[in-house]
Amino acid sequence: MQMLVVYNTLTKKKEEFKPVVPGEVSIYVCGITPYNDPHIGNARPFVTWDVIRRFFQRLGYKVKYIQNFTDIDDKIINAANAQNLTWKDISNKYIDGYFEVMDKLHVQHADVYPRVSGTIKEIIEMVQGLVNDGYAYVVDGGDVYFSVEKFPEYGKLSGRKLEDMQAGARVQINSQKRHPMDFALWKAAKPGEPFWESPWGQGRPGWHIECSAMSLKYLGQKFDFHGGGSDLIFPHHENEIAQSQAFCHDTHSFAQYWVHNGFITINEEKMSKSLNNFFTVKDILKKYPAETLRYFLVATHYRSPLDFSAARLQEAQASLQRLKNAKACLTDLADLAQDEAINEQYIIDINNDVQQLSDNFYTAMKDDFNTALALSYMFELAKKINIYYQHVQNKDYKFDRDTVESIKAVYDDMAFILGILENYATEETENDDLTEKLMNIIINIRQNARQEKNWPLADHIRDELKAIGLIIEDTTNGVKWRKE
Numbered sequence: 000m001q002m003l004v005v006y007n008t009l010t011k012k013k014e015e016f017k018p019v020v021p022g023e024v025s026i027y028v029c030g031i032t033p034y035n036d037p038h039i040g041n042a043r044p045f046v047t048w049d050v051i052r053r054f055f056q057r058l059g060y061k062v063k064y065i066q067n068f069t070d071i072d073d074k075i076i077n078a079a080n081a082q083n084l085t086w087k088d089i090s091n092k093y094i095d096g097y098f099e100v101m102d103k104l105h106v107q108h109a110d111v112y113p114r115v116s117g118t119i120k121e122i123i124e125m126v127q128g129l130v131n132d133g134y135a136y137v138v139d140g141g142d143v144y145f146s147v148e149k150f151p152e153y154g155k156l157s158g159r160k161l162e163d164m165q166a167g168a169r170v171q172i173n174s175q176k177r178h179p180m181d182f183a184l185w186k187a188a189k190p191g192e193p194f195w196e197s198p199w200g201q202g203r204p205g206w207h208i209e210c211s212a213m214s215l216k217y218l219g220q221k222f223d224f225h226g227g228g229s230d231l232i233f234p235h236h237e238n239e240i241a242q243s244q245a246f247c248h249d250t251h252s253f254a255q256y257w258v259h260n261g262f263i264t265i266n267e268e269k270m271s272k273s274l275n276n277f278f279t280v281k282d283i284l285k286k287y288p289a290e291t292l293r294y295f296l297v298a299t300h301y302r303s304p305l306d307f308s309a310a311r312l313q314e315a316q317a318s319l320q321r322l323k324n325a326k327a328c329l330t331d332l333a334d335l336a337q338d339e340a341i342n343e344q345y346i347i348d349i350n351n352d353v354q355q356l357s358d359n360f361y362t363a364m365k366d367d368f369n370t371a372l373a374l375s376y377m378f379e380l381a382k383k384i385n386i387y388y389q390h391v392q393n394k395d396y397k398f399d400r401d402t403v404e405s406i407k408a409v410y411d412d413m414a415f416i417l418g419i420l421e422n423y424a425t426e427e428t429e430n431d432d433l434t435e436k437l438m439n440i441i442i443n444i445r446q447n448a449r450q451e452k453n454w455p456l457a458d459h460i461r462d463e464l465k466a467i468g469l470i471i472e473d474t475t476n477g478v479k480w481r482k483e
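Numbering that gives the first Met the number 0 applies: residue 0 is where the sequence shown begins, and numbers increase by one.
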């Protein structure tokens with residue numbers, strides 16, 4: 000059996016995946032800071048990890064997936080002050096907004112969504128442990144800092160050397176820090192800010208400590224995957240490794256595989272509000288179906304940079320429609336299939352071809368979750384489905400129900416792993432409710448024109464429908480229509 004390999008940011012190479020607990024996969028993914036609606040850059044890691052999670056489920060693993068919400072942060076406090084709301088109001092508002100758009104993208108819910116505000120006890124205990132062991136120090140006023148010089152392996156994730164970082168650091172603003180790269184574990188509260196009581200006075204957690212405390216709480220001192228965007232490698236994930244392994248007294252503890260998705264650019268420029276090219280998922284979904292956006296995100300390997308543009312989304316929409324057309328052909332094949340088994344060589348060859356494409360799909364996914372390559376095999380299967388359908392239409396072949404069901408099972412399996420075509424049933428229902436009725440009226444008008452030998456009108460109806468993406472096919476089993 001082919002082994003599954005993963006590119007590990009920590010070792011800078013692909014490695015065979017060996018789970019900490021056989022048969023189980025443990026995953027921690029950094030979630031959002033809910034002070035605004037999720038943007039397209041937020042969506043990529045969550046869709047990426049949704050695919051990875053689905054794939055492990057298909058491989059038979061028991062998956063435990065944790066994703067946090069940083070529900071107390073400077074940005075949240077600033078947003079609350081600007082909108083005259085509490086920090087809880089702001090975080091709850093945008094957490095609800097997160098679920099609204101991620102549900103539309105068919106991102107499965109995590110097993111647990113811990114929040115910083117609900118993990119204060121564990122954070123304080125971790126900070127106190129680091130202070131007690133000499134990895135952290137308390138300064139006047141109540142701030143607590145991690146001492147990077149106390150952790151000799153600091154920089155091993157990002158590949159940076161501490162001496163280079165020190166040489167390139169700006170003039171130290173906080174003179175109480177022993178080293179310019181030391182980072183806050185606990186921040187003393189400023190007037191008017193939310194706070195919690197601690198051994199060092201009233202304050203709140205620093206940014207990095209929260210994810211360490213949450214992942215250790217829910218996954219233990221050694222777990223499989225830690226994921227997020229490439230922008231988190233430094234300093235966030237670098238600091239997580241340092242404080243977590245120091246706390247555990249084990250430089251091989253914490254996450255075993257660090258997986259980071261590539262950046263998203265907008266028309267080949269970095270996304271930023273200052274450039275006015277900042278797109279929220281909510282705004283994108285006003286113009287494009289959610290499934291189109293999801294397809295766009297999975298059609299490129301997760302580690303590759305991804306350029307977002309209207310043209311690319313339109314391409315994604317057209318490609319997705321091709322997969323939907325094949326799905327429709329499968330439905331028609333099922334209607335035309337016979338119950339009795341067909342023992343012909345072409346049926347054996349078809350089943351072998353379909354199984355080979357399934358194997359190729361899984362091989363691609365086992366090579367660092369290569370969705371781009373896997374998707375190419377799904378398109379190859381879609382092409383074969385269209386060919387099979389044409390053969391049946393032309394009465395070249397007959398299909399039995401078991402063969403159609405086996406093809407459908409493979410196609411649906413591919414679609415499930417990638418998280419696409421999940422709107423198909425809903426769309427079919429909508430077609431039955433309205434579009435199907437309208438198309439039947441139009442087809443009847445065209446059929447009457449054909450019977451009256453009014454070929455110009457019949458051709459005009461066909462051409463006008465094609466212009467808006469609806470294809471009419473005159474078959475031996477009657478008139479069929481489909482989206483282009």
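In this text, a Cβ means the ideal position worked out from N, Cα and C, and glycines have one as well. Small disclaimer: the values here were computed from a predicted structure and weren't measured.
- Note that the C-beta distance between LEU417 and THR370 is below 8 angstroms.
- Per DSSP, reduced to three states, the secondary structure at ASN266 is coil, with no helix or strand assignment.
- Assigned with DSSP and collapsed to three states, PHE253 falls in strand.
- When rounded, the separation of the alpha-carbon atoms in MET125 and GLY191 is 26 angstroms.
- Look at ALA135 here: in three-state DSSP terms it is strand.
- The three-state secondary structure of ALA310, taken from DSSP, is helix.
- The DSSP-derived three-state label of PRO44 is helix.
- A Cβ-Cβ separation of about 6 angstroms places ALA298 in contact with LEU374 under the 8 angstroms criterion.
- Scanning MET164, GLY158, TYR34 for the CA closest to the CA of LYS87 turns up TYR34.
- Put simply, the backbone Cα of GLU196 is about 11 angstroms away from that of LYS186.
- Taking one beta carbon from each stretch, the region 20-38 and the region 59-74 have 3 or more pairs nearer than 8 angstroms; the two touch.
- Pairwise C-beta distances place the region 47-59 out of contact with the region 268-282, as fewer than three of them are shorter than 8 angstroms.
- Across the structure, VAL111 and GLU404 are spaced so that their CA atoms are roughly 36 angstroms apart.
- DSSP, read as helix, strand or coil, puts ILE71 in coil.
- By the neighbour-count criterion, in which a residue is buried when 16 or more other Cβ atoms sit within 10 angstroms of its Cβ, LYS13 is exposed.
- In this structure ASN260 touches ARG302 by the C-beta definition: roughly 7 angstroms separates them, less than 8 angstroms.
- Considering only GLN255, LYS394, THR32, TRP199, the residue with the shortest C-alpha distance to PHE222 is GLN255.
- Note that the C-beta distance between GLU15 and VAL28 is not below 8 angstroms.
- For THR69, the CB contacts under 6 angstroms within the same chain, skipping 5 residues up- and downstream, are THR32, VAL115 in chain order.
- Excluding its 5 nearest sequence neighbours in each direction, THR47 has C-beta neighbours in its own chain below 7 angstroms: ASN260, TYR301, listed in chain order.
- Here GLN316 is actually not in contact with TYR361; their C-beta atoms are around 27 angstroms apart, not less than 8 angstroms.
- 8 angstroms or more divides the Cβ of TRP257 from the Cβ of THR434.
- In the structure shown, the three-state DSSP call for SER174 is coil.
- A direct Cα-Cα distance of roughly 46 angstroms separates ALA79 from ARG321.
- Counting other Cβ atoms within 10 Å of its Cβ, SER174 stays below 16 and is therefore classed as exposed.
- Collapsing the DSSP output to three states places VAL353 in a helix.
- Distances from the CA of LYS326 to each of PHE278, ALA289, LYS382, ILE346 were compared; the closest alpha carbon is that of LYS382.
- In this structure, ALA135 places its C-beta atom within 8 angstroms of the C-beta atom of PHE145.
- With 16 or more other CB atoms across the displayed protein chains lying within 10 angstroms of its CB, ALA212 is buried.
- Closest by C-alpha distance to ILE71, out of PRO193, PHE398, VAL138, LEU231, is PRO193.
- Listed in chain order, the non-local C-beta contacts of PHE262 below 8 angstroms within the same chain comprise GLY40, GLY228, SER229, ASP230, LYS269, PRO304, LEU305, local neighbours out to five positions each way being set aside.
- Judged by beta-carbon spacing, TRP480 lies within the 8 angstroms limit of ILE442, meaning their Cβ atoms are closer than that value.
- Judged by beta-carbon spacing, PHE398 lies beyond the 8 angstroms limit of VAL409, meaning their Cβ atoms are not closer than that value.
- Secondary structure at ARG52: helix, using DSSP grouped into helix, strand and coil.
- Per the DSSP secondary-structure output, ASN260 pairs in a beta bridge with GLY228.
- Classified as buried, ASP181 has 16 or more neighbouring CB atoms from the shown chains inside 10 Å of its CB.
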